[in-house]
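Under full-length UniProt numbering, the sequence shown has 186 at position 186, and the numbering climbs by one with no breaks.
No residue lacks a Cβ here, since even glycine has one placed at the ideal position from N, Cα and C.
Data block below; observations after.
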Amino acid sequence: MPQVQRRSVEGDRPGGPKKSTLATIQAMERAREERRQQMEARKDRKEREKLSNAEKGVVGDVDFVRMISAWRDANKDQAKPHATFSTNEAEKNAGGAICICVRKRPISRREVNNKDHDAVSCVHPSVVVHDCRLRVDGISKYLNNQQFAFDHAFSENEDTAEIYRCVGGPLVEFVTRDDGRACIFAYGQTGSGKTYTMEGVQARAAVQVFQELSSERSVGVSFFEIYGGRCQDLLRERARLQVREDGRGDVHVVGLAETPVEDAESLLAAISRGNELRTKQKTEVNDASSRSHAVCRISIRDKDGKQRGSLSLVDLAGSERGQDTRSHNRQLRTESAEINKSLLALKECIRGLATNDAHVPFRASKLTMVLRDSFVRPRSRVAMIACVGPSVSCTDHTINTLRYADRVKEKPATQLLNAAAALRERNEEPKEVPARPPPPRAQKPPARPPSRKPVPPKKAEAKEVPKRSEAKRGAKEAPRQPKPRAPPPPAQPKERPTRQDDLALLHSTLERGQDVAALHKTVDSLFEAEEALLNAHMTVIQENAELLTEEGRMLQQVQGGDVVDYDIDTYVARLGAILNRKAEQIAALQGQLAGFAAKLREEEDQSRLVRRMPMW
Numbered sequence: 001m002p003q004v005q006r007r008s009v010e011g012d013r014p015g016g017p018k019k020s021t022l023a024t025i026q027a028m029e030r031a032r033e034e035r036r037q038q039m040e041a042r043k044d045r046k047e048r049e050k051l052s053n054a055e056k057g058v059v060g061d062v063d064f065v066r067m068i069s070a071w072r073d074a075n076k077d078q079a080k081p082h083a084t085f086s087t088n089e090a091e092k093n094a095g096g097a098i099c100i101c102v103r104k105r106p107i108s109r110r111e112v113n114n115k116d117h118d119a120v121s122c123v124h125p126s127v128v129v130h131d132c133r134l135r136v137d138g139i140s141k142y143l144n145n146q147q148f149a150f151d152h153a154f155s156e157n158e159d160t161a162e163i164y165r166c167v168g169g170p171l172v173e174f175v176t177r178d179d180g181r182a183c184i185f186a187y188g189q190t191g192s193g194k195t196y197t198m199e200g201v202q203a204r205a206a207v208q209v210f211q212e213l214s215s216e217r218s219v220g221v222s223f224f225e226i227y228g229g230r231c232q233d234l235l236r237e238r239a240r241l242q243v244r245e246d247g248r249g250d251v252h253v254v255g256l257a258e259t260p261v262e263d264a265e266s267l268l269a270a271i272s273r274g275n276e277l278r279t280k281q282k283t284e285v286n287d288a289s290s291r292s293h294a295v296c297r298i299s300i301r302d303k304d305g306k307q308r309g310s311l312s313l314v315d316l317a318g319s320e321r322g323q324d325t326r327s328h329n330r331q332l333r334t335e336s337a338e339i340n341k342s343l344l345a346l347k348e349c350i351r352g353l354a355t356n357d358a359h360v361p362f363r364a365s366k367l368t369m370v371l372r373d374s375f376v377r378p379r380s381r382v383a384m385i386a387c388v389g390p391s392v393s394c395t396d397h398t399i400n401t402l403r404y405a406d407r408v409k410e411k412p413a414t415q416l417l418n419a420a421a422a423l424r425e426r427n428e429e430p431k432e433v434p435a436r437p438p439p440p441r442a443q444k445p446p447a448r449p450p451s452r453k454p455v456p457p458k459k460a461e462a463k464e465v466p467k468r469s470e471a472k473r474g475a476k477e478a479p480r481q482p483k484p485r486a487p488p489p490p491a492q493p494k495e496r497p498t499r500q501d502d503l504a505l506l507h508s509t510l511e512r513g514q515d516v517a518a519l520h521k522t523v524d525s526l527f528e529a530e531e532a533l534l535n536a537h538m539t540v541i542q543e544n545a546e547l548l549t550e551e552g553r554m555l556q557q558v559q560g561g562d563v564v565d566y567d568i569d570t571y572v573a574r575l576g577a578i579l580n581r582k583a584e585q586i587a588a589l590q591g592q593l594a595g596f597a598a599k600l601r602e603e604e605d606q607s608r609l610v611r612r613m614p615m616w
């Protein structure tokens, strides 16, 4: 027993070399010192790396910046050269009618001041978002790389000229040479560079249009915006426009003026004038956010004035999450709801066209209605430029934008709802194929034709049977007369899908779609009620001005200095009629005002229910 105790004290393990307690403590101290030195070395290296990044203008967490830089060095050779947008018919049948590209802007001075680093990498055709995260221990850092693939991925080192060469130039040629319809639109978070990109595309398109234009063609430009559910002509001091759909399903912007232009300079001047009149507001995300969808349409016409081609350049309003625009200001809140609804409708329409869906919900918003011509024509092409910001603070916005662009070409999940809507669409009258003329016996004879003779008794009917058979036998030699057959009952015409049907189709793709649908419906009715209230108020003011003028003339006829005789009964009767008319106007206007106030309260209650507007 004493030997066992001595071995356990003097030796570390049986059969091994003897090691004293002092040596163990010294080894622990040496290991601790080595770890301390390694920690100091890492800290010094991190400080030097931070200073080096600061000299290069790179800020943010050094560890995340190092990991992102290492990923880029390892994947920089995977980038592929850009190809131009093909516009031939074979490419369209293969799904090439829609081109989706992504543009990443450089990091801004504000983001550098906020210590934000670049967390987005563009390696054509892929876009990778480096989501910087901490592990469960709260210390270890790692990157959650989310990768998306598109037709084009433009990094911050590629300018607008390269984007136009790959996307805009082929579409301008398609419009001027092939008489096609083309649409280029920019989508993205507010402050991501949409307007900057579209202004560069507009300037280059204006020059190329006149370079490609033949001497027998002319060019016209129209520029309007869609703001808060209203259309306004930007080339006519925001004159109010109306979007109407005729019986054939064609959409017309009533009141929109087209300005003829003779050269690129006059076209650029008109576009610049329209851009200056766009509606902009200050939000929590951007100091000068575009709150309207701006549509610049360049039309190519022949000598007879017939439109041969058109190019639509669309700068969409900035997309924002509900929590970023949530404010006590109702105007910003309703604008955000209207913008999100129209962007959802645009995505579903483009995706429905790419996947050849039977029904495309164009009527869900005015934006998709006015762009319908650029989408559904036999010779039409669409290009989408999704603009994203690079900073780590807007990673959520960037992922939402990339998901929106990525889902444009996906197969929708609501096939059953689309099929149900398609049944209603198929029952519409064909537009080009003429209907087959009805048979000559279109009217079904009555089951019991009226007879002037009284109905004989049943016995008499029994006696008539052989006579009928004899007549039938005697008629064998005569030519057989075709027996009249009743035509099939005419198909009951079914109503085409309405705007409410298309809205229901959109909201079925969202989580909590019923709540969002109720909010969007309320916002739509709110805009309509506001328009009606303002028009009614203006009408009352104008009529009151006319009545006031008439009252002044009546007083002059009664109180004038040279008035000797007057009819006081006529004065009293007319004054009473005027006062009654004013009372009727005030009562009607108060009724409209009360209804509008009720809709305001309803919108506020539903906005509290939908705490976060969906992003797609």
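TODO: Could I get the ranges of all uninterrupted beta strand (DSSP E) runs contained in the stretch 541–590, with 3 residues as the minimum, in chain order?
DONE: none
- [ ] Report yes or no: do the stretch 155–169 and the stretch 197–204 share at least 3 C-beta pairs separated by less than 8 Å?
- [x] Counting Cβ pairs under 8 Å, three or more are found: they touch.
Open item on the list: Can you list, in chain order, the residues of its chain with a C-beta nearer than 8 Å to that of S374? Leave out the 5 residues immediately preceding and following it.
Closed with: Position 374 of the sequence shown, counted from the first residue, corresponds to residue 374. Cβ within range, chain order: R181, A182, C183, S310, S312, S380, V382.
Open item on the list: My assumption, with CB atoms under 8 Å, is that V365 sits in contact with A345. Please give the rounded CB distance.
Closed with: Here residue 365 refers to the residue found at position 365 of the sequence shown. Here residue 345 refers to the residue found at position 345 of the sequence shown. Note on identity: in this sequence residue 365 is Ser, with Val being the wrong assignment. Rounded, the Cβ-Cβ distance is 4 Å, consistent with contact.
Open item on the list: Is it buried or exposed, M28, if we count other Cβ atoms within 10 angstroms and call 16 or more buried?
Closed with: On the sequence shown, residue 28 is found 28 positions in, with the first residue counted as 1. Residue environment for M28: exposed (fewer than 16 other C-beta atoms within 10 angstroms of its C-beta).
Task: Endpoints, beta strand (DSSP E) assigned at P170 - done: Numbered from its first residue, the sequence shown carries residue 170 at position 170. From DSSP, P170 is part of no beta strand (DSSP E) but of the alpha helix (DSSP H) over 169–178.
- [ ] Return the first residue and the last residue of the alpha helix (DSSP H) that F185 is part of.
- [x] Indexing the sequence shown from 1 puts residue 185 at position 185. No alpha helix (DSSP H) contains F185, which is instead part of the beta strand (DSSP E) from 181–188.
Task: the stretch 170–178 contacting the stretch 146–156, beta-carbon criterion three pairs below 8 Å - done: Contact between the stretch 170–178 and the stretch 146–156 is absent: fewer than 3 CB-CB pairs across the two stretches fall below 8 Å.
Task: Extent of the continuous alpha helix (DSSP H) to which C166 belongs - done: Here residue 166 refers to the residue found at position 166 when the sequence shown is read from its first residue. Run containing C166: none; DSSP gives neither H nor E here.
Open item on the list: Please list the terminal residues of the continuous alpha helix (DSSP H) segment that includes residue 675.
Closed with: Since the first residue shown for the chain is 1 and the last is 616, residue 675 is missing from the structure and cannot be characterised.
Task: Straight-line Cα distance separating T522 from R601 - done: Locating residue 601 in the sequence shown gives position 601, where the first residue counts as 1. Locating residue 522 in the sequence shown gives position 522, where the first residue counts as 1. The alpha-carbon atoms of R601 and T522 are separated by roughly 10 Å.
TODO: Assign Y566 to buried or exposed, taking buried as 16 or more other Cβ atoms, counted over all protein chains shown, within 10 Å of its Cβ.
DONE: For the purposes of this step, residue 566 is taken as residue 566 along the sequence shown, with counting starting at 1. Looking at its Cβ environment, which holds fewer than 16 other Cβ atoms inside 10 Å, Y566 is exposed.
Open item on the list: For the structure I just gave you, are there three or more beta carbon pairs, one from the stretch 271–283 and one from the stretch 252–260, closer than 8 Å?
Closed with: no
Open item on the list: Output needed for P390: all residues of its chain with C-beta closer than 6 Å, excluding positions within five of it in sequence on either side, in chain order.
Closed with: In the sequence shown, residue 390 corresponds to position 390, counting from 1. Within the same chain, P390 has close Cβ partners K104, I107, D118, V120.
Task: Residue(s) in a DSSP beta bridge with residue 672 - done: Any property of residue 672 remains undetermined from this structure, which presents the chain solely from 1 to 616.
Task: Residues near R468 in its chain [Cβ-Cβ closer than 7 Å; skip 5 each side] - done: Here residue 468 is taken as the residue at index 468 of the sequence shown, counted from 1. Since pLDDT at R468 reaches only 48, below the 50 mark, its modelled position is unreliable, and the value read off the structure follows with that caveat. Counting only Cβ-Cβ distances below 7 Å, and skipping sequence neighbours, we find nothing.
- [ ] Please name the residue in A337, E55, A577 whose C-alpha comes closest to that of H520.
- [x] Position 520 of the sequence shown, counting from 1, holds the residue named residue 520. Here the closest residue by C-alpha is A337.
Task: A149, DSSP secondary structure in three states - done: Along the sequence shown, read from residue 1 onward, the residue named residue 149 stands at position 149. It is a strand residue.
Task: CB contact flag (R308, D179, <8 Å) - done: Working through the sequence shown from its first residue, we reach residue 308 at position 308. Working through the sequence shown from its first residue, we reach residue 179 at position 179. Contact flag set, yes.
TODO: Within its chain, find whatever has a CB closer than 6 Å to the CB of V128; leave out the 5 residues flanking it on each side and keep chain order.
DONE: Taking the first residue of the sequence shown as position 1, residue 128 is located at position 128. So the list reads S121, N145, Q147, once near-sequence residues are dropped.
Open item on the list: Check for me: the beta strand (DSSP E) holding D357 runs from which residue to which?
Closed with: Here residue 357 corresponds to residue number 357 of the sequence shown, with the count starting at 1. Taken as a continuous stretch (DSSP letters only), D357 belongs to no beta strand (DSSP E), as it is neither H nor E.
Task: Run of the alpha helix (DSSP H) containing H397, from where it starts to where it stops - done: Working through the sequence shown from its first residue, we reach residue 397 at position 397. Run containing H397: 395–407, per the alpha helix (DSSP H) assignment.
TODO: Tell me where the alpha helix (DSSP H) around Q26 begins and ends.
DONE: Position 26 of the sequence shown, counted from the first residue, corresponds to residue 26. Segment 21–55, the alpha helix (DSSP H) holding Q26.
- [ ] Could you name the residues of the same chain whose beta carbon sits closer than 8 Å to that of L547, not counting the 5 residues immediately before and after it, in chain order?
- [x] Within the sequence shown, the letter at position 547 stands for residue 547. The answer, listed in chain order, is I578, R581, K582.
Open item on the list: Tell me whether the stretch 203–220 and the stretch 287–300 touch, counting them as touching only if at least three CB pairs, one residue from each stretch, are closer than 8 Å.
Closed with: yes
Open item on the list: What does the alpha-carbon distance come out to for the pair T190 and L51?
Closed with: The sequence position of residue 190 within the sequence shown is 190, counting from 1. The sequence position of residue 51 within the sequence shown is 51, counting from 1. Those two C-alpha atoms are separated by around 32 Å.
Open item on the list: Quick check on DSSP: helix, strand or coil for I226?
Closed with: Reading the sequence shown from its first residue, position 226 is the one you call residue 226. Of the three classes helix, strand and coil, the one that applies to I226 here is strand, per DSSP.
- [ ] Please specify which runs of the alpha helix (DSSP H), each continuous and at least 4 residues long, are wholly inside the stretch 335–374, giving them in chain order.
- [x] 366–370
Task: For G309, the first and last residue of its enclosing beta strand (DSSP E) - done: Numbered from 1 along the sequence shown, position 309 holds the residue referred to as residue 309. It spans 307–315 - the beta strand (DSSP E) in which G309 sits, taken as one unbroken run.
- [ ] Identify, in the order they occur along the chain, each residue of the same chain with its Cβ nearer than 8 Å to the Cβ of C101, setting aside the five sequence neighbours on each side.
- [x] On the sequence shown, position 101 is the one that residue 101 refers to. Excluding sequence neighbours, C101 sits near F150, D151, H152, A153, F154, I163, C166, V167, A383, M384, I385, A386.
TODO: In angstroms with no decimal places, state the Cα-to-Cα distance between H359 and T368.
DONE: Mapped onto the sequence shown, residue 359 falls at position 359. Mapped onto the sequence shown, residue 368 falls at position 368. The alpha-carbon atoms of H359 and T368 are separated by roughly 14 Å.
Open item on the list: To the nearest angstrom, how far is the alpha carbon of R48 from that of V392?
Closed with: Residue numbering aside, residue 48 sits at position 48 when the sequence shown is read from its first letter. Residue numbering aside, residue 392 sits at position 392 when the sequence shown is read from its first letter. Those two C-alpha atoms are separated by around 22 Å.
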